[in-house]
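Protein sequence lines correspond, in order, to chains A and B.
Residue numbers for the first sequence follow the numbering used here, so the first one is 1 and each next one is one higher.
Residue numbers for the second sequence follow the numbering used here, so the first one is 1001 and each next one is one higher.
All C-beta atoms, glycine included, are put in the ideal place defined by N, C-alpha and C.
Protein chains: 2
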Amino acid sequence: MATLGDVAARAGVSISAVSRVLSDAPSARVSEATRERIVQAAKDLHYRPNFAGRALKSARTQVVGLVVPDLTNALFTELMHGAEDESAARGYTLLLGRADDVRPEGEMIARLIGEGRVDGMVIQVGDGVAPAGMGDLLASGAPIVLINSTYPGHVGSVALDDRTGARIATQHLIDLGHERIAFANGLPRSFTAKRRRVGYKEALVEAGLPVRQDYETRVGYTADNGRTALRRLMERDPRPTGIVVANVNAAIGLLAAARADGIRVPEDLSVATVHDSWTAENTWPPLTAVKMQFYDMGRAAVRSVVRRIETGEMADEMITDPAPELIVRESTAPPSQAV
Amino acid sequence: MATLGDVAARAGVSISAVSRVLSDAPSARVSEATRERIVQAAKDLHYRPNFAGRALKSARTQVVGLVVPDLTNALFTELMHGAEDESAARGYTLLLGRADDVRPEGEMIARLIGEGRVDGMVIQVGDGVAPAGMGDLLASGAPIVLINSTYPGHVGSVALDDRTGARIATQHLIDLGHERIAFANGLPRSFTAKRRRVGYKEALVEAGLPVRQDYETRVGYTADNGRTALRRLMERDPRPTGIVVANVNAAIGLLAAARADGIRVPEDLSVATVHDSWTAENTWPPLTAVKMQFYDMGRAAVRSVVRRIETGEMADEMITDPAPELIVRESTAPPSQAV
DNA sequence: GTGATCTGCTCTAACGTTTGAGCAGTGGCC
DNA sequence: GGCCACTGCTCAAACGTTAGAGCAGATCAC
């Protein structure tokens, strides 16, 4: 690849002159003729600034890292999409890392930052488990934004309004006339599960409905977890007529289990889920869902970390605009009279 | 962050000594005592080699890029997973790029390579459309491995055995006794669609069944495309009793459309798809699928590009081991007698 | 005792970039 | 004519790393 030196030689000027012209430095005092010669020479040689040289000199890589626990999850791909778009818009490149089960992800993140591969990181820790070494990492003062979670003493996070999301889903079932509404939640330690739980309860209490302990499962967010949840909840007496599922993947599994067990949705059981994705449209029946703004959260997270990198400002942020949005499909209906 | 200089000062030796010890250079002739002092000093200071410095000096970044057309696709996430694992195993970092509709991805790839951000690239072009500038890029001699596609004159690709995959799915329906088997394929220009088509036809011909032109649609690989395909195929006279779908996402859409139109699966219609993913298990009925080894392809692609980077060797490769594997679920059954 | 060899280091240049400082040449002002 | 300011450049140092060359001192063969 052509270097500044090559371009300088071709244009018959010094390296500094080329550097200043090509990087549009305001301190560049160059005649129009020289400028044109330089630009032309750069074009002729297909010059591109060397990343390593620039990074070394400026101590900036223009790269932000994104670590998510599971790439296979449709929600995280949406998040990634948002993060990608925002990065591109701000002239950053996105480096994707998977939080690996084998090696503690804290080590990987520390490496990326310590080696100067990234200027900052956006991190989604899985289900509320803070990876080992996360404390040190955050304490080191590196630009890190946490997604959907917080860490004691750390400022810098972006979260969705899970409480409102769960509340909207629950309210939808209440509006349909359901009174026995269960909640298939995530693991107790999960930050999002905690917040969704609050929303679920709020809606019930406001409507004057009882909050039954045995109407909540706290199994997890996978399709298999959803199957388990359905089977547990269907053992309750009386059976719930509606279930709010805290996660779309779990909802898909729950729906499949209902099918397999001969429970008709929505005739026997209404199912509403928090989260929407293209997969929710294609289940049978199509899932009523509250769309959480993962794309926007991705954008916000990158915006936040870039602001931190460039100005030092840091904040905790909740995405309330756009708000969680109810998308009614066919998995919810008024409860049937027969019980 | 601590530099080699800091470590050298603390250990009371020269920078070169530190560099050689910490990078385990074979040419390092150092006494055991000095080595220990250096290692200790590095540990004390939490030394990590600066990425930019190293990259600048060695002209290697130890990063490979992966570009896929659509991150939201479950298949590509599997591919990414494989690519990630292989990269990690070989000491590389994976840089993820999305092929953007807005800017031609050729430009992005050229940038990554031209700026020296990556040592090589693994590229999956969407549906067989070669992005503008791809020719120049490949001609430039940069280490590039294409996934599931080829380019005239370019050596360096990894592909799945789509022909066998489609053949197995078709054969499965034949074995069940189906004779009117349709094929919901991808766009005509797609490389994978071409190969799958061959497998489908082969199976029919071998079984002595007619190949009907109007039993193939070539709409695309999305869920919506699957809906369209179903509706077209169900207009045929006589109706097919089984459909092989070339892509799992399309199959999910096709299944949903069948449900909506009152076509019972598998009683009225058997559906088998090429590709498997967790989403296929959770449809209703669960989809019979031929598992294509996307994970292994991801690994193979990275292995291939790394070999190219480190030794210069390049090859075209087809993943045949593990072979495509039929996973029978509940969307296929013998044709009913009534038509 | 002398030259050769080996050990255990250090010196130095280089990778490509950015950027503060410097330096000729020109024009204006008094 | 002397001074200043300005224009249009160039010089050189620095970022952190690697690696070839070099250099004292010790050891060894003869």
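Expressed to the nearest angstrom, what Euclidean distance is found between the alpha-carbon atoms of residue i and residue j?
i	j	result
residue 1001 of chain B	residue 1016 of chain B	18 Å
residue 1004 of chain B	residue 1141 of chain B	35 Å
residue 221 of chain A	residue 1293 of chain B	26 Å
residue 177 of chain A	residue 226 of chain A	24 Å
residue 1111 of chain B	residue 29 of chain A	28 Å
residue 259 of chain A	residue 1265 of chain B	14 Å
residue 1138 of chain B	residue 87 of chain A	27 Å
residue 1270 of chain B	residue 1303 of chain B	38 Å
residue 1152 of chain B	residue 1306 of chain B	22 Å
residue 1189 of chain B	residue 267 of chain A	44 Å
residue 1055 of chain B	residue 1092 of chain B	13 Å
residue 134 of chain A	residue 156 of chain A	14 Å
residue 333 of chain A	residue 1330 of chain B	27 Å
residue 206 of chain A	residue 215 of chain A	17 Å
residue 1148 of chain B	residue 1324 of chain B	15 Å
residue 31 of chain A	residue 40 of chain A	14 Å
residue 257 of chain A	residue 279 of chain A	16 Å
residue 1339 of chain B	residue 1239 of chain B	Bear in mind that a pLDDT of 47 at residue 1339 of chain B, under 50, signals an unreliable position, so the number given afterwards is only what the model happens to contain. Whole-angstrom Cα-Cα distance: 8 Å.
residue 1013 of chain B	residue 1036 of chain B	12 Å
residue 18 of chain A	residue 1058 of chain B	24 Å
residue 1311 of chain B	residue 1301 of chain B	15 Å
residue 1024 of chain B	residue 63 of chain A	29 Å
residue 73 of chain A	residue 42 of chain A	44 Å
residue 1318 of chain B	residue 184 of chain A	44 Å
residue 1125 of chain B	residue 1146 of chain B	8 Å
residue 1230 of chain B	residue 1180 of chain B	14 Å
residue 1033 of chain B	residue 1011 of chain B	11 Å
residue 1320 of chain B	residue 284 of chain A	35 Å
residue 1098 of chain B	residue 95 of chain A	11 Å
Could you spell out the range, first to last residue, of the alpha helix (DSSP H) harbouring residue i?
i	result
residue 1084 of chain B	1074-1089
residue 5 of chain A	4-11
residue 1297 of chain B	1294-1311
residue 164 of chain A	162-175
residue 250 of chain A	248-260
residue 18 of chain A	15-22
Take residue i as the anchor and find which of the options has the nearest alpha-carbon.
i	options	result
residue 117 of chain A	B/1053, B/1125, B/1040, B/1198	B/1053
residue 1154 of chain B	B/1315, B/1039, B/1051	B/1315
residue 79 of chain A	A/306, A/277, A/284	A/277
residue 211 of chain A	A/262, A/6, A/182	A/182
residue 47 of chain A	A/75, A/6, A/84	A/6
residue 170 of chain A	A/144, A/158, A/150, A/201	A/201
residue 213 of chain A	A/233, A/224, A/20	A/233
residue 1273 of chain B	B/1235, B/1299, B/1310, B/1223	B/1223
residue 1109 of chain B	B/1150, B/1160, B/1309, B/1067	B/1067
residue 1119 of chain B	A/50, A/11, A/98, A/319	A/50
residue 1082 of chain B	B/1122, B/1026, B/1255, B/1230	B/1122
residue 208 of chain A	A/235, A/97, A/228, A/175	A/175
residue 186 of chain A	A/20, A/22, A/275, A/283	A/275
residue 1327 of chain B	B/1172, B/1089, B/1219	B/1172
residue 1299 of chain B	B/1136, B/1089, B/1336	B/1089
residue 1143 of chain B	B/1309, B/1159, B/1069	B/1309
Along the chain, where does the beta strand (DSSP E) containing residue i start, and where does it finish?
i	result
residue 283 of chain A	First-last for residue 283 of chain A: undefined, no H or E at that position.
residue 225 of chain A	Premise fails: residue 225 of chain A lies in the alpha helix (DSSP H), 223-233, not in any beta strand (DSSP E).
residue 34 of chain A	Segment 32-44 is the alpha helix (DSSP H) holding residue 34 of chain A; no beta strand (DSSP E) there.
residue 187 of chain A	That residue, residue 187 of chain A, is in no beta strand (DSSP E); it is neither H nor E in DSSP.
residue 135 of chain A	Looking at the DSSP string, residue 135 of chain A is not in any beta strand (DSSP E); the run it does join, the alpha helix (DSSP H), is 134-139.
residue 121 of chain A	120-123
residue 218 of chain A	216-218
By DSSP's criteria, residue i is part of a beta bridge. Which residues make up the other side?
i	result
residue 1148 of chain B	Paired residues: none, contrary to the question.
residue 1192 of chain B	According to DSSP, residue 1192 of chain B bridges with nothing at all.
residue 1050 of chain B	Residue 1050 of chain B pairs with nothing; no bridge assigned.
residue 242 of chain A	A/181, A/270
residue 1098 of chain B	B/1068
residue 1327 of chain B	B/1289
residue 1157 of chain B	B/1146, B/1316
Count the CB pairs spanning the segment 159-166 of chain A and the segment 274-291 of chain A that are closer than 8 Å, and state whether there are at least three. As far as the Cβ criterion goes, the segment 159-166 of chain A touches the segment 274-291 of chain A, which means the pair count is three or higher.
If you pair each beta-carbon of the segment 243-261 of chain A with each one of the segment 295-308 of chain A, do three or more pairs fall below 8 Å? No, because fewer than three Cβ pairs between the segment 243-261 of chain A and the segment 295-308 of chain A fall closer than 8 Å, the two stretches do not touch.
Do the segment 240-249 of chain A and the segment 183-201 of chain A make contact, defined as three or more Cβ pairs closer than 8 Å? Enough Cβ pairs lie closer than 8 Å, so yes.
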